[in-house]
Amino acid sequence: MSELYKLTIDEAGKLLRAGKLSAVELTQAHLDRIRAVDDKVKAFTLVTDDLALKQAEEADRRLRSGQDVTPLTGIPLGIKDVICTKDITTTCGSRMLENFKPPYDAAVMEKLNAAGAVMLGKTNMDEFAMGSSTEHSAFFPTHNPWDLERAPGGSSGGSAAAVAAGMAMGTLGSDTGGSIRQPAALCNIVGLKPTYGRVSRFGLIAFASSLDQIGPFTRSARDAALIMQTISGADPRDATCSPESVADYAAALNGDIKGIRIGVPTEYRVEGTQTGVEQAVRSSIEKLRELGAEVEEVSLPHTRFGVPAYYIIAPAEASANLSRYDGVKYGYSYRDTDDMWEALEKTREFGFGQEVKRRIMLGTYALSSGYYDAYYKQAEKVRTLIARDFSEAFARFDVLASATSPSVAFRLGEISDPYEMYLQDVFTIPANLAGICGVSIPGGFSQGLPVGLQLLGNVFAEDKILRVADAFERVTDYHTRWPENL
Amino acid sequence: MIDRKTVMHIAKLARLGLKEEEIDVLGQQLSVILENIAILQEADVSGVSPTAHASRLHNVMRDDIPQPSYAPEVLLANAPAQEDNCLKVRAVLEEA
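Protein chains in written order, with this note's numbering: chain A, 7 to 492; chain B, 115 to 210.
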């Protein structure tokens with residue numbers, strides 16, 4: 007069998023369970039692919055070859071015995087380096103955690119391990135998940151498989167690029183303001199941000215705790231459903247994780263979206279959106295209409311306040327969360343002084359990169375005496391207005407459709423102004439503020455580069471957005487296209 | 115406008131050491147960001163209560179069941195300095 011790395015999880019799973027393919031063969035094919043192309047893409051910060059082959063052998067034993075076989079048994083996956091993996095270096099893209107080996111697995115890792123999935127390695131990211139290009143990784147930037155001179159998006163750029171280049175069948179990422187959906191869009195794959203509380207964050211290194219969620223990257227909606235089924239559900243170790251029962255995501259993919267109500271947010275057509283992106287998204291939405299969806303305009307009047315509110319709330323929470331990096335308990339520690347305060351300040355000066363420092367400063371400023379009401383309190387009230395926009399929209403619509411990102415993949419180094427980079431997430435941020443779910447799927451091409459179609463759903467409506475995504479895939483071939491230059 | 119003095123004050127609050135050249139750059143970048151964020155003040159929030167998190171949960175309770183924890187050496191494995199199974203820190207109280 008040639009080009010095993012091009013299989014989807016669903017396809018490979020069927021072959022594995024029929025005994026026509028072994029997990030070791032499948033894993034080796036992906037390790038070979040990593041060896042062949044990751045020098046150029048640089049998606050992985052660590053490749054765990056030995057562990058992967060050991061897990062694959064164990065998966066083969068399970069498959070042969072027919073015991074404890076799940077849709078992910080023997081499936082090779084990559085894990086964003088923000089997710090704790092027991093005894094395996096977890097850097098979070100930072101010098102601060104360059105040598106950090108977590109003493110425990112994140113909840114999602116326990117679930118993947120229990121399902122018999124194979125871990126190929128850890129994927130690159132913007133430091134502490136702060137960024138939209140993966141250029142803020144303390145180690146190296148990741149390159150977009152569709153054009154190696156361009157960024158894969160971020161912060162989960164390594165996870166997106168790995169799937170787009172066939173180096174992993176799926177990956178996990180995290181999304182605080184768009185960090186799954188935007189890189190998925192720029193790399194022509196599926197990236198799903200679940201509802202806040204759908205997936206346990208125990209063992210996810212915290213960035214902004216009221217916004218962070220873990221979710222999958224895959225090459226089809228069905229594959230995303232399979233990973234979501236495995237990682238979703240309550241966890242007493244994460245008090246924000248919901249007891250709400252988990253839907254049967256794969257069963258929801260029946261191809262039928264007749265009569266489903268799709269709203270197209272008027273305010274998501276902002277100045278600065280590339281014409282090619284707009285055209286691709288418009289024609290994609292037209293396809294949904296042809297499939298029987300009822301498409302109408304909807305207004306989300308507080309959209310323009312989304313990015314400003316986010317850039318108060320997320321940095322404020324980050325400044326508190328990142329106060330734990332003090333050079334005492336774990337992580338980088340400045341040793342060249344006997345003074346406690348100097349050691350603390352130098353540890354943070356040398357351990358953190360530019361973007362992280364910028365956000366700690368911004369967050370500390372917004373929370374500081376005299377500014378708290380004007381910035382932080384105001385942003386939290388605006389957050390209520392944004393959430394209200396969505397609840398009103400979802401009273402009339404099942405799904406909202408828009409572009410994921412205002413532009414196709416930009417060149418590495420092209421965006422140097424911090425605020426311009428923040429605007430990359432203009433269409434993705436509101437969903438995090440409201441805690442709803444969203445998925446980016448391949449929605450066409452512009453200038454030969456991928457365009458993402460974003461489908462937003464109400465809380466716990468992952469089944470609905472996946473149904474629409476899957477129905478769209480049945481009549482389009484965007485998601486089956488591969489970058490040619492690798 | 116975020117001037118040098120403000121940058122240094124905020125850095126002190128955050129216990130964040132900054133290189134000399136970072137002070138001016140950060141002041142200028144934070145000013146631009148805050149200028150862009152200023153439109154927040156245009157939102158009519160009269161009578162609107164703040165949202166602190168997007169979870170629909172309140173007062174999450176679970177049974178308080180004692181469980182084994184990690185061995186000290188496991189939790190100390192990443193510590194930069196340790197002694198007698200404790201984290202070792204520099205003197206907190208200065209000598210008179």
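Glycine included, every Cβ here is placed at the ideal spot set by N, Cα and C. Since the model is a prediction, treat every value here as computed from it, not as a measurement.
Candidates the options: which alpha carbon is nearest residue i's?
i, options, result
"residue 154(A)", "256(A), 417(A), 427(A)", "417(A)"
"residue 337(A)", "100(A), 69(A), 145(A)", "100(A)"
"residue 207(A)", "190(A), 173(A), 243(A)", "243(A)"
"residue 114(A)", "167(A), 227(A), 28(A), 222(A)", "222(A)"
"residue 492(A)", "444(A), 248(A), 238(A), 171(A)", "171(A)"
"residue 166(B)", "437(A), 35(A), 215(A), 370(A)", "215(A)"
"residue 70(A)", "320(A), 333(A), 21(A), 419(A)", "21(A)"
"residue 143(A)", "49(A), 62(A), 323(A)", "49(A)"
"residue 263(A)", "282(A), 254(A), 301(A), 271(A)", "301(A)"
"residue 129(A)", "67(A), 47(A), 357(A)", "47(A)"
"residue 355(A)", "193(B), 205(B), 132(B), 150(B)", "132(B)"
"residue 117(A)", "196(A), 76(A), 149(A)", "76(A)"
"residue 202(A)", "193(A), 452(A), 248(A)", "248(A)"
"residue 144(B)", "237(A), 106(A), 360(A)", "360(A)"
"residue 151(B)", "426(A), 442(A), 451(A)", "426(A)"
"residue 299(A)", "474(A), 197(A), 307(A), 204(A)", "474(A)"
"residue 381(A)", "127(B), 180(B), 139(B), 159(B)", "159(B)"
"residue 405(A)", "326(A), 266(A), 186(A), 235(A)", "266(A)"
"residue 277(A)", "438(A), 325(A), 412(A), 41(A)", "412(A)"
"residue 162(A)", "23(A), 255(A), 98(A)", "98(A)"
"residue 233(A)", "80(A), 312(A), 389(A)", "80(A)"
"residue 395(A)", "269(A), 177(A), 322(A)", "269(A)"
"residue 350(A)", "364(A), 332(A), 366(A)", "332(A)"
At a CB-CB cut-off below 9 Å, which residues of chain A make contact with residue i?
i, result
"residue 199(B)", "Neighbours of residue 199(B) on chain A: none; closest Cβ ~14 Å, over 9 Å."
"residue 167(B)", "202, 215, 216, 217, 246, 441"
Going by DSSP, which residues form a beta bridge with residue i?
i, result
"residue 247(A)", "Partner(s): none; residue 247(A) has no beta bridge."
"residue 432(A)", "DSSP, once it has assigned bridges, lists no residue as partnering residue 432(A)."
"residue 206(A)", "Residue 206(A) pairs with nothing; no bridge assigned."
"residue 153(A)", "150(A)"
"residue 83(A)", "125(A), 176(A)"
"residue 444(A)", "199(A), 462(A)"
"residue 271(A)", "304(A)"
"residue 196(B)", "201(B)"
"residue 452(A)", "455(A)"
"residue 405(A)", "268(A), 463(A)"
"residue 417(A)", "156(A)"
Using a Cβ cut-off of 7 Å, pull out every chain A residue sitting near residue i, in sequence order please.
i, result
"residue 176(B)", "242"
"residue 143(B)", "364, 424"
Using the beta-carbon of each residue, which ones in chain B are nearer than 9 Å to residue i?
i, result
"residue 432(A)", "Correct list: empty, because the minimum Cβ distance to chain B is about 12 Å."
"residue 149(A)", "Within 9 Å Cβ-Cβ: nothing; residue 149(A) doesn't reach chain B, min ~26 Å."
"residue 107(A)", "191, 192"
"residue 344(A)", "204, 205"
"residue 318(A)", "151, 154"
"residue 112(A)", "The premise fails here: residue 112(A) is roughly 15 Å from chain B at the closest Cβ pair, so nothing lies under 9 Å."
"residue 322(A)", "The contacting residues do not exist; residue 322(A) stays about 11 Å from chain B at best."
"residue 499(A)", "This structure cannot speak to residue 499(A), because chain A is shown only from 7 to 492."
Going along chain B in order, which residues have a C-beta closer than 7 Å to the C-beta of residue i?
i, result
"residue 274(A)", "None at all; the shortest Cβ gap to chain B is about 17 Å."
"residue 325(A)", "128"
"residue 88(A)", "Correct list: empty, because the minimum Cβ distance to chain B is about 17 Å."
Which residues in chain A sit within 8 Å of residue i, going by Cβ to Cβ distance?
i, result
"residue 164(B)", "383, 386, 387, 389, 390"
"residue 181(B)", "Chain A residues near residue 181(B): none, gap ~11 Å exceeds 8 Å."
"residue 155(B)", "380, 384"
Kindly examine the ligand MG and report whether one of its heavy atoms sits closer than 8 Å to the Cβ of residue i.
i, result
"residue 198(A)", "Absence of the ligand MG from the depicted structure is noted, as is the absence of any ligand whatsoever, leaving it without description."
Taking Cβ-Cβ distances shorter than 8 Å, what residues in chain B pair up with residue i?
i, result
"residue 310(A)", "153"
"residue 335(A)", "192, 193, 201"
"residue 465(A)", "170"
Exercise. In the region 87 to 139 of chain A, which residue ranges form an unbroken beta strand (DSSP E) of at least 3 residues, counting only runs that do not cross its ends?
Worked result: 124 to 129
For this session: Report the residues of the region 364 to 379 of chain A with a CB closer than 7 Å to any CB of chain B, ordered along the chain.
Result: 364, 366, 367, 368, 370, 371, 374
Exercise. What residue ranges within the region 274 to 325 of chain A form continuous beta strand (DSSP E) runs of no fewer than 3 residues, ordered along the chain?
Worked result: DSSP runs (the beta strand (DSSP E)) wholly in the region 274 to 325 of chain A: 300 to 304.
For this session: With 7 Å as the C-beta to C-beta threshold (strictly closer), list the residues of the region 346 to 365 of chain A near chain B in chain order.
Result: 346, 349, 350, 351, 352, 354, 355, 363, 364
Problem set entry | Cβ-based contacts, 8 Å cut-off: residues of the region 381 to 402 of chain A near chain B | 381, 383, 384, 385, 386, 387, 388, 389, 390, 391, 393
Problem set entry | Interfacial residues, the region 116 to 141 of chain B to chain A, with Cβ spacing under 9 Å | 116, 120, 121, 123, 124, 125, 126, 127, 128, 129, 130, 131, 132, 133, 136, 139, 140
For this session: Can you check the region 27 to 67 of chain A for any alpha helix (DSSP H) of at least 4 residues that lies completely inside it and give the ranges in chain order?
Result: 29 to 47
For this session: List in chain order: all unbroken alpha helix (DSSP H) runs of 4+ residues lying wholly within the region 173 to 237 of chain A.
Result: Runs of the alpha helix (DSSP H) inside the region 173 to 237 of chain A: 187 to 192, 227 to 237.
Problem set entry | Length at least 4, wholly inside the region 341 to 392 of chain A: the alpha helix (DSSP H) runs in chain order | 346 to 357, 360 to 373
For this session: Note down, one range per segment and in chain order, each alpha helix (DSSP H) of at least 4 residues found wholly within the region 122 to 200 of chain B.
Result: 134 to 151, 186 to 189
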